[in-house]
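Some notes on the structure that comes next.
Protein chains in written order, with this note's numbering: chain P, 1 to 257; chain X, 1001 to 1257.
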């Protein structure tokens, strides 16, 4: 719940997502799902067109019921923003108003900074068909515009909430890119990798693959380079050694059966 | 079109978006819309469940018909990837495979770099209900995972395509945050702003608002600070001067009518 004392909204659910006159309950449900994906839980609805609550919203929320259950209804945009301190209005087109226009990334950073200072923030989204009225935008501190394909920039409202929420979430999320590896293995040491090189090159000398002594150094270098690039695990080096052994044994022995 | 010569896919449409066994035509349509939002136009479908093409996909694409019209059908994931050089597989959960796991931002940067070198790239997305099979993931060079709320991370497939496409688009989009301003005005010069200060302070001296000489300096400072922070335009300074004049005149004159 955003709290019964509306003069001090909870900041735990991130900035309030304020939908002005949303038309389709399905879209409200998809917004709730996108919000919870991004850790946002405070949803405010200004004069939704259909009855509220609505079954189609629940179906579209795919389990984000807690966001819908806590949603608050308001009779005007001003009422929905009254207890907030800082509001960003999401628009797709220029508004001929003097106002800061922020990218989602910069807006998210600004929202994070403010909320760390207990400044209650909200993000305003317009009705599906035509976005926010200029009178709504005028109530906000800044405009948020998503830079997308200018030839095809119309975003579904839930898509728009997702992009803004994603930037909000990743503004402090520290998940780095990484190398995934099963728990029961570890990267091969270079000594283990060099053992594979030696085994392979000895067998290639034996079978004649490296018989051209002029090209041998560059062929060896290329093989080593390729196998190094794979960043093998200890298990994978053992597998490759088994592969080499099996190929050699299969060649030496008569085929079974 | 991705080109009839499949051995050299066009790179103009960005990385190919490859959907493996998509179930709902509506989702394919929403994917097409999200793709075109992000300037992506190469769509490949591996064994879609419903007939293709499909009216429901067209309806959900909201005008992104050119992406649907150019979509190519494939009988297997391997066939859909055959003419590509670098493939990233999008997954929501860990796969117990040794493989780089990239954030969307890092994946987008890597895709941009590769495509600038004419390396044909693709991004693999799994079926709605359960994502990609491990056999599909094994065909990719890297895994892409979107860092979102770990307690509620299930994304609609079109949402997933949008986030990845958004990072692709913004990886080179240079749109900065900015101050929007109507074309027929300009920021006020400091001289114009100081003129407003002087007018206001003179009137406040006259009406007695600043009569306490001890607090006068800090009150003046606070007023100037507040008005400075608004980054007024030249038009707005003139408006404010008119507001001050009107308030004063209204006080001096008897009310009209």
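Heads up, the beta-carbon is just placed ideally off N, CA and C, and yes, glycines get one too.
Local Cβ density within 10 Å of residue i, reported as buried at 16 or more and exposed below that
i               : result
residue 1037(X) : buried
residue 1257(X) : With a pLDDT of 47 at residue 1257(X), under the threshold of 50, the modelled position of this residue cannot be trusted; read the value that follows with caution. Classification of residue 1257(X): exposed, given that the 10 Å Cβ count is below 16.
residue 214(P)  : exposed
residue 1018(X) : buried
residue 136(P)  : buried
residue 1075(X) : exposed
residue 1117(X) : exposed
residue 179(P)  : exposed
residue 156(P)  : buried
residue 113(P)  : exposed
residue 172(P)  : exposed
residue 1206(X) : exposed
residue 73(P)   : exposed
residue 1051(X) : exposed
residue 226(P)  : exposed
residue 1002(X) : Any reading at residue 1002(X) must be qualified, since the residue scores a pLDDT of 41, below 50, and its modelled position is unreliable; the value itself is stated next. Buried, by the Cβ-count rule.
residue 198(P)  : exposed
residue 1004(X) : For residue 1004(X), the pLDDT reaches just 42, beneath the cut-off of 50, and the residue's location in the model is therefore unreliable, although a value from the coordinates is still provided. Label assigned to residue 1004(X): exposed.
residue 1249(X) : exposed
residue 6(P)    : Residue placement at residue 6(P) is poorly supported in this model, since its pLDDT is 44, which falls under 50; the coordinates are not used for a value here.
residue 221(P)  : exposed
residue 229(P)  : exposed
residue 16(P)   : buried
residue 269(P)  : Here chain P covers residues 1 to 257 and nothing more, so residue 269(P) does not appear.
residue 242(P)  : exposed
residue 208(P)  : exposed
residue 71(P)   : buried
residue 1247(X) : exposed
Test item: CB-CB of residue i and residue j under 8 Å
i               : j               : result
residue 980(X)  : residue 1032(X) : The question about residue 980(X) has no answer here: the residues shown for chain X are numbered 1001 through 1257.
residue 77(P)   : residue 143(P)  : no
residue 1042(X) : residue 1014(X) : yes
residue 201(P)  : residue 234(P)  : no
residue 1170(X) : residue 147(P)  : yes
residue 162(P)  : residue 1162(X) : yes
residue 1049(X) : residue 1021(X) : yes
residue 244(P)  : residue 203(P)  : yes
residue 30(P)   : residue 174(P)  : no
residue 125(P)  : residue 160(P)  : yes
CA nearest to the CA of residue i, picked from the options
i               : options                            : result
residue 1231(X) : 103(P), 230(P), 98(P)              : 98(P)
residue 239(P)  : 216(P), 206(P), 67(P), 188(P)      : 188(P)
residue 1129(X) : 1242(X), 1249(X), 1024(X), 1083(X) : 1024(X)
residue 1115(X) : 1009(X), 1209(X), 1101(X), 1133(X) : 1009(X)
residue 1093(X) : 1133(X), 1067(X), 1082(X)          : 1133(X)
residue 34(P)   : 1070(X), 1154(X), 1012(X)          : 1154(X)
residue 1100(X) : 1119(X), 1216(X), 1140(X), 1131(X) : 1140(X)
residue 1066(X) : 1131(X), 1039(X), 1050(X)          : 1039(X)
residue 46(P)   : 30(P), 81(P), 70(P)                : 81(P)
residue 1166(X) : 119(P), 149(P), 61(P)              : 149(P)
residue 1176(X) : 68(P), 44(P), 105(P)               : 105(P)
residue 186(P)  : 89(P), 196(P), 237(P), 79(P)       : 237(P)
residue 259(P)  : 1183(X), 1247(X), 1219(X)          : Past the edges of chain P, shown from 1 to 257, lies residue 259(P), and the structure says nothing about it.
residue 1152(X) : 61(P), 119(P), 246(P), 223(P)      : 61(P)
residue 1084(X) : 1196(X), 1068(X), 1123(X)          : 1123(X)
residue 28(P)   : 11(P), 69(P), 119(P)               : 69(P)
Contact test: residue i Cβ vs the ligand MN heavy atom, cutoff 7 Å
i              : result
residue 145(P) : Ligands in the displayed structure: none, and consequently the ligand MN is not present.
Chain C residues whose Cβ lies nearer than 9 Å to that of residue i
i              : result
residue 106(P) : The displayed structure is made up of protein chains P and X, and chain C is not among them.
Mind listing, in chain order, the continuous alpha helix (DSSP H) runs of no fewer than 4 residues lying wholly within the stretch 57–132 of chain P?
-> 65–69, 77–81, 104–116
Could you give the uninterrupted runs of the beta strand (DSSP E) lying entirely in the stretch 1139–1193 of chain X, keeping only those of 3 residues or more?
-> 1142–1144, 1178–1180
Answer yes if the stretch 103–113 of chain P comes into contact with the stretch 48–65 of chain P, meaning at least three C-beta pairs across the two stretches below 8 Å, and no otherwise.
-> no
Kindly provide the ranges of any beta strand (DSSP E) runs that are 3 or more residues long and lie completely inside the stretch 225–252 of chain P, ordered along the chain.
-> none
Quick one: complete beta strand (DSSP E) runs, 3+ long, within the stretch 1004–1050 of chain X?
-> 1016–1020, 1043–1046
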